[in-house]
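The opening position of the sequence shown corresponds to residue 443 in our numbering, with each subsequent residue numbered one higher.
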Amino acid sequence: MAELDIDAVDWERVEAVAFGDKLLGSEAFSALFREGMKLIEETANYLDGPGRDHSRTLDRAGALTYATESMRLTTRLMQLASWLLLQRAVNEGELSKDQAKIDSSKVSIGSLGKPEISEAAQSLPEPLHTLITRSLRLQERVAHLDRLLYDSKALPPADNAVGNNLARLAAAFAGKAG
443 MAELDIDAVD WERVEAVAFG DKLLGSEAFS ALFREGMKLI EETANYLDGP
493 GRDHSRTLDR AGALTYATES MRLTTRLMQL ASWLLLQRAV NEGELSKDQA
543 KIDSSKVSIG SLGKPEISEA AQSLPEPLHT LITRSLRLQE RVAHLDRLLY
593 DSKALPPADN AVGNNLARLA AAFAGKAG
């Protein structure tokens with residue numbers, strides 16, 4: 443294996459690795475995608491089955507909270523599904539990253555909101571609480587990946603701190619060598 447000559451590296455031309463782009467093509471993204479689609483399916487099955495029965499057992503305030511939170515949950519999941527499907531389309535070459543950036547800006551990942559923790563929310567069935575919690579965790583992960591991919595402020599600075607420090611060290615020791 444060839445040894446890297448640190449002094450020969452042109453640190454001005456070294457670029458940071460775009461981890462977000464690498465992650466999109468990875469098994470980690472595929473797992474995130476599958477997790478999101480599975481959560482959507484589980485939520486639909488719950489809301490159309492046991493959740494419907496659970497909602498009928500709630501008092502008026504509980505039923506209103508149930509309706510509100512289940513609507514927030516389904517809205518959140520549809521937004522997440524849209525974002526995940528856009529990124530998968532980029533992975534499969536069906537969409538350019540620039541087009542996905544434009545389209546994903548229409549998907550409101552960061553402003554989906556969290557469910558209110560009110561007294562009425564305490565009466566929600568445990569399966570709904572669990573689905574909401576899982577959807578919020580998925581939202582956090584997708585929002586983080588979205589920032590890595592599309593938020594220029596999330597990118598590392600163009601200045602190469604390691605290269606600059608190595609250059610300063612080399613200059614300092616070069617002056618003392620003579």
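Note that the Cβ used here is the ideal one computed from N, Cα and C, for glycine as well. As the structure is a prediction and not an experimental result, all values here were calculated from the model.
* **Neighbourhood of Val532 by C-beta distance below 6 Å, restricted to the same chain and skipping five residues each side** => Lys539 and Ala542
* Since I believe Tyr508 is in contact with Ser524 (beta carbons under 8 Å), could you give me their beta-carbon distance rounded to a whole number of angstroms? => Between Tyr508 and Ser524 the Cβ distance is about 25 Å, and since that is not below 8 Å, they are no contact.
* Asked: Can the beta-carbon of Leu573 be found less than 7 Å from the beta-carbon of Thr485?
  -> yes
* Would you tell me roughly how many angstroms separate the C-alpha atoms of Leu591 and Ser468, rounded to the nearest one? => 14 Å
* To do: Return helix, strand or coil for Lys543, following the three-state DSSP convention.
  => helix
* Every unbroken alpha helix (DSSP H) within the segment 498-535, with a cutoff of 4 residues, ordered by chain -> 502-533
* Compute the beta-carbon to beta-carbon distance between Leu580 and Leu522, rounded to the nearest angstrom, for a pair I have assumed lies under 8 Å. => 6 Å
* Rounded to whole angstroms, what's the CA-CA distance from Pro492 to Glu568? Just pull it up for me. => 11 Å
* To do: Count the other C-beta atoms from every protein chain shown that fall within 10 angstroms of the C-beta of Ser472, then say buried if there are 16 or more, exposed otherwise.
  => exposed
* Asked: What did DSSP end up calling Glu567 once you bin it into helix, strand or coil?
  -> According to the sequence displayed, residue 567 carries Pro and not Glu. In this structure, Pro567 counts as coil in the three-state DSSP scheme.
* **Ser512 classed as buried or exposed, judged by whether at least 16 other C-beta atoms fall within 10 angstroms** => buried
* To do: Compute the Euclidean distance between the alpha carbons of Leu474 and Arg576, then round it to the nearest angstrom.
  => 12 Å
* Check Asp588 in the structure and name its three-state DSSP category. => helix
* Asked: Nearest chain D C-beta to Ser512 closer than 7 Å, yes or no?
  -> As a matter of chain content, chain D is missing from the structure shown, which is built from one protein chain.
* **Nearest neighbour of Arg583, chosen from Arg502, Leu526 and Glu534 [CA to CA]** => Leu526
* Inspect the beta-carbon positions of Ser550 and Leu528 and report whether they are closer than 7 Å. => no
* Any idea what DSSP makes of Gly491, helix, strand or coil? -> coil
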